[in-house]
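S.K.: Pasting in a structure now, in C-alpha cells, and then I'll have a few things to ask.
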Amino acid sequence: MLTPVIMAGGTGSRLWPLSRQLRPKQFLAFNNDATMLQQTLSRLEGLEQQAPIVICNEEHRFLVAEQLRQIGCGGSHILLEPVGRNTAPAIALAAIAATGQDKDPLLLVLAADHLIQDVERFQASIEQAVPLAEQGNLVTFGVVPTHAETGYGYIHQGEELGHGFKVKRFVEKPDADTAATYLASGEYLWNSGMFLFRASRYLEELSLHQPAMMEACLNAMANTATDLEFTRLDADAFAQCPDDSVDYAVMEKTDRVAVVPLDARWSDIGSWSSLWDVSDKCESGNSCHGDVLLEDSHDILARADSRLVAAVGVENLVIVETKDAVLVAHKDKTQEVKKIVQRLKDEQRFEFENHREVYRPWGIYDSIDNGHRYQVKRITVKPGAKLSVQMHHHRAEHWIVVSGTAEVTNGDDTYLVTENESTYIPIGQVHALKNPGVIPLELIEVQSGSYLGEDDIVRLKDNYGRI
1 MLTPVIMAGG TGSRLWPLSR QLRPKQFLAF NNDATMLQQT LSRLEGLEQQ APIVICNEEH
61 RFLVAEQLRQ IGCGGSHILL EPVGRNTAPA IALAAIAATG QDKDPLLLVL AADHLIQDVE
121 RFQASIEQAV PLAEQGNLVT FGVVPTHAET GYGYIHQGEE LGHGFKVKRF VEKPDADTAA
181 TYLASGEYLW NSGMFLFRAS RYLEELSLHQ PAMMEACLNA MANTATDLEF TRLDADAFAQ
241 CPDDSVDYAV MEKTDRVAVV PLDARWSDIG SWSSLWDVSD KCESGNSCHG DVLLEDSHDI
301 LARADSRLVA AVGVENLVIV ETKDAVLVAH KDKTQEVKKI VQRLKDEQRF EFENHREVYR
361 PWGIYDSIDN GHRYQVKRIT VKPGAKLSVQ MHHHRAEHWI VVSGTAEVTN GDDTYLVTEN
421 ESTYIPIGQV HALKNPGVIP LELIEVQSGS YLGEDDIVRL KDNYGRI
C-alpha cells in the first residue's frame with residue numbers, strides 16, 4: 001500500500017504577485033477552484049493508499065490544515081519543518097514517521113505545486129513503478145519531453161527494466177543546443193522530482209551516502225511534540241542537518257535507481273509563461289481569468305482578482321492584478337519576475353511577504369484602508385472559531401458587526417454584539433472575539449494609535465498554539 005508524501009514547503013517567487021512568501025503557489029488555485037495542494041491529493045483518488053504525510057513550513061501550517069480539511073483529508077499527518085533543509089532531509093523525516101510497528105510502506109513522494117492534467121496516465125505510471133520499488137529500486141518519474149527545455153534537469157535512460165529503465169545518469173539543466181540533442185536522441189526524460197520507493201530502502205541509502213544527515217533526522221524525530229494536528233520536530237537537532245536535495249544526496253549516488261516515463265501533460269508551473277502554455281485559450285491565444293476585457297490583443301495571459309483589467313493592441317504579455325499589486329511582463333521575460341521579488345524583499349515591503357487579504361486559523365482579514373495612526377480591516381470569523389485572548393500596548397479598536405453575531409470579551413465583561421451594533425476596546429484592555437453562531441461573522445475593525453503592527457499583539461490564551 002502506498003503512503004503519499006507531499007512536499008509542501010518552499011516559498012516561491014516566480015508567480016508573484018499571486019504567489020507570496022506566506023502564500024506560495026502550492027496554496028493557490030490557477031486552473032480550477034482547487035488549490036495545487038488539493039489537486040495533488042485529489043489526483044490520487046482510486047489508488048490503494050494510506051493517509052498522506054504532508055511536510056510544510058511552520059508558517060504555512062494553518063493553510064495546509066484548512067486546505068486538507070476542505071477536501072476531506074483531515075486525518076493527514078502534518079510534519080512541520082522548523083527550518084528548510086531541502087528535499088533529502090524532508091523525505092527522510094517522512095520515511096522515519098512512516099516506519100515502525102512493523103510498517104514499511106512504499107512512499108510516493110510528490111511536490112505539492114505540480115500540474116498534471118492526465119490523471120489516468122499519471123496513475124498508470126505509478127502502478128508501473130510499484131513492482132520496481134518492491135524489488136528494492138529507488139524509482140523516479142521522468143517526464144517525456146515535448147520540446148528542448150533548458151529549465152529542467154534531464155535523466156538519461158539506460159537498459160530496459162520492467163516497465164521502466166535503469167538510469168545511466170542525471171544531467172544538469174542544459175544549454176539550448178544540448179537540450180535539442182537530448183530531445184532528438186529520444187533517450188532523455190525531464191527530471192520531475194517525483195519518486196516511489198520503500199521507506200526503509202531510502203533510509204538505507206541515506207545512511208550509506210549521507211550519515212550525518214540521517215543522524216540529524218533521527219535525532220529530530222526522536223523528540224517530537226504534537227500540537228493540534230501538527231507534529232513538531234526537535235528544532236535544535238534539525239538545525240544541525242545538512243542542506244541537500246534528494247537528487248544530490250541519494251539518487252545520483254545509488255546504483256539501484258530506475259526511471260518510469262511519465263506522459264501525463266505535466267508542468268511544474270515555474271513561470272507565468274509556463275502557466276499560459278497549459279491554460280485554455282481563445283482563438284487569439286489569450287487566457288483570461290476574472291474581469292478582463294481585451295481588444296485587438298494576442299497571446300496574453302491576463303488575471304484580474306479584484307477589479308477590471310483592460311488592454312488594447314498588445315501581444316505576448318502577462319498581466320496579473322491583485323488587490324495590492326499589478327504585474328505587467330513580456331512572456332519571454334517572466335523568469336525575471338524573481339528580480340522584482342528580491343527588490344521587494346530588500347526594501348522590506350509588505351508585498352513580498354503576504355497579500356492584503358491574510359488567512360488565519362480562525363478566518364480571514366483584509367486591510368482595506370490605512371493612514372497616519374489608523375487602519376481599517378474587514379474581518380471574517382468562521383463559525384465556532386475564536387481569536388486569541390490578547391491585548392495591545394499601542395492601539396485601541398472599534399468593532400462594527402456587519403453580519404452574524406459576535407461574542408466579545410472586553411476586560412471582565414462578556415457580551416453579544418449583533419448586526420449594526422458596535423463596541424470599543426481601549427488601549428491595554430484584555431479582549432477576545434468569538435463567533436458563537438453557525439454562519440460566518442463579518443465585522444469592520446477600526447484601529448487607532450501610535451503603532452498598528454501585528455507584533456503589537458500580546459497573546460494570553462490561544463486555541464491554535466500560537467503562544
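Residue 1 is where the sequence shown starts when you use the UniProt record's numbering, and the numbers rise one by one after that. Backbone N, C-alpha and C define an ideal beta-carbon position, used for all residues, glycine too. Quick caveat, the model's predicted, so the values are computed rather than measured.
1. Please determine if the segment 106–117 and the segment 35–50 are in contact, where contact requires at least 3 C-beta pairs separated by less than 8 Å.
2. State the DSSP-derived secondary structure class of Lys173, mapped to helix, strand or coil.
3. Which of the three DSSP states, helix, strand or coil, is assigned to Asp291?
4. What do you get for Lys377, buried or exposed, if any count of 16 or more other CB atoms within 10 angstroms of its CB means buried?
5. If we ignore side chains and look at the alpha-carbon of each, how far apart do Val292 and Leu18 end up?
6. On the DSSP bridge assignment, give the partners of Glu321 in chain order.
7. Across the segment 184–204 and the segment 141–158, are there enough close Cβ pairs to call them in contact, namely three or more that are closer than 8 Å?
8. Just the C-alpha distance for Ile234 and Thr224, rounded to the nearest angstrom, thanks.
9. I'd like the span of the beta strand (DSSP E) that includes Cys217, first residue to last.
10. Alpha carbon to alpha carbon, how far is Gly290 from Leu327?
11. Just curious, the beta strand (DSSP E) that Ala311 is in, first and last residue?
12. Would you call the segment 342–350 and the segment 405–425 in contact, with 3 or more CB pairs under 8 Å?
13. Does the separation of the CB atoms of His355 and Asp324 fall below 8 Å?
14. Beta carbon of Ile78, beta carbon of Val54: below 8 Å?
15. Whole angstroms are fine: how far does the CA of Asp455 sit from the CA of Arg395?
16. Just to confirm before moving on: does the CB-CB distance between Val389 and Leu443 stay below 8 Å?
17. Our contact map puts Ser271 next to Thr334 with C-beta atoms below 8 Å; I'd like the distance itself, whole angstroms only.
18. Identify whether Asp332 lies in helix, strand or coil by the three-state DSSP scheme.
19. Kindly give me the distance between the Cβ atoms of Gln50 and Thr3, rounded to whole angstroms, as I take these residues to be in contact under 8 Å.
20. Which residue wins for smallest C-alpha separation from Ile300, given the options Lys331, Arg360 and Ala98?
21. Could you pull out every unbroken beta strand (DSSP E) segment of at least 3 residues lying fully inside the segment 139–194, listed in chain order?
22. Looking at the structure shown, is Asp455 part of a helix, part of a strand, or coil, going by DSSP?
23. In chain order, which continuous runs of the beta strand (DSSP E) of length 3 or greater are located wholly inside the segment 16–73?
24. Where does Glu397 fall in DSSP's three states?
25. So, is Ser450 buried or exposed, given that buried needs 16 or more other C-beta atoms within 10 angstroms?
26. DSSP on Asp118, reduced to helix/strand/coil?
27. For Glu172, is the classification buried or exposed, using 16 other Cβ atoms within 10 angstroms of its Cβ as the cut-off for buried?
28. Taking its Cβ as the centre, do 16 or more other Cβ atoms sit within 10 Å of Lys103, making it buried, or is it exposed?
29. Quick check on DSSP: helix, strand or coil for Trp272?
30. Find the nearest neighbour of Asp280 within the set Leu15, Asn32 and Val458, judged by alpha-carbon distance.
31. Would you give the residue range spanned by the alpha helix (DSSP H) that Thr418 belongs to?
32. By how many angstroms is the C-alpha of Glu336 removed from the C-alpha of Glu81?
33. How would you write the range of the alpha helix (DSSP H) that Glu353 sits in, first residue to last?
M.R.: Walking through what the data contain:
1. Pairwise C-beta distances place the segment 106–117 in contact with the segment 35–50, as three or more of them are shorter than 8 Å.
2. Lys173: coil per DSSP, three-state reduction.
3. It is coil, neither helix nor strand.
4. With 16 or more Cβ atoms within 10 Å of its Cβ, Lys377 is classed as buried.
5. So the alpha carbons of these two residues sit roughly 16 Å apart.
6. Glu321 pairs with Ala304 and Val326.
7. Flag = yes, the segment 184–204 and the segment 141–158 touch.
8. Here residue 234 turns out to be Asp, not Ile, going by the sequence shown. Asp234 and Thr224: Cα-Cα distance of roughly 6 Å.
9. From DSSP, Cys217 is part of no beta strand (DSSP E) but of the alpha helix (DSSP H) over Pro211 to Ala222.
10. About 15 Å.
11. Residue range Val309 to Val312 is occupied by the beta strand (DSSP E) that includes Ala311.
12. Verdict: no, contact absent.
13. Result yes, Cβ atoms of His355 and Asp324 sit closer than 8 Å.
14. Contact flag set, yes.
15. If I take the Cα positions, the gap works out to 12 Å.
16. At least 8 Å separates the beta-carbon of Val389 from that of Leu443.
17. Here Ser271 really is in contact with Thr334; their C-beta atoms are around 4 Å apart, less than 8 Å.
18. In the three-state reduction of the DSSP assignment, Asp332 falls in the helix class, which pools H, G and I.
19. With 8 Å as the limit, Gln50 and Thr3 qualify as a contact, their Cβ atoms being about 5 Å apart.
20. Checking every option, the nearest Cα to that of Ile300 belongs to Lys331.
21. Fully enclosed beta strand (DSSP E) runs of 3 or longer: 154–161 and 164–171.
22. Three-state DSSP puts Asp455 in coil, outside helix and strand.
23. Those beta strand (DSSP E) runs which fall completely within the segment 16–73 and span 3+ residues are 53–57.
24. Strand.
25. Its Cβ having fewer than 16 others within 10 Å, Ser450 is exposed.
26. Asp118: coil per DSSP, three-state reduction.
27. Here Glu172 is exposed. Its C-beta has fewer than 16 other C-beta atoms within 10 Å.
28. Burial call: exposed.
29. Taken through DSSP and simplified to helix, strand or coil, Trp272 comes out as helix.
30. The option with the nearest alpha carbon to Asp280 is Asn32.
31. DSSP places Thr418 outside any alpha helix (DSSP H), giving it a letter other than H or E.
32. Going by C-alpha positions, Glu81 is about 29 Å away from Glu336.
33. Run containing Glu353: Phe350 to Glu353, per the alpha helix (DSSP H) assignment.
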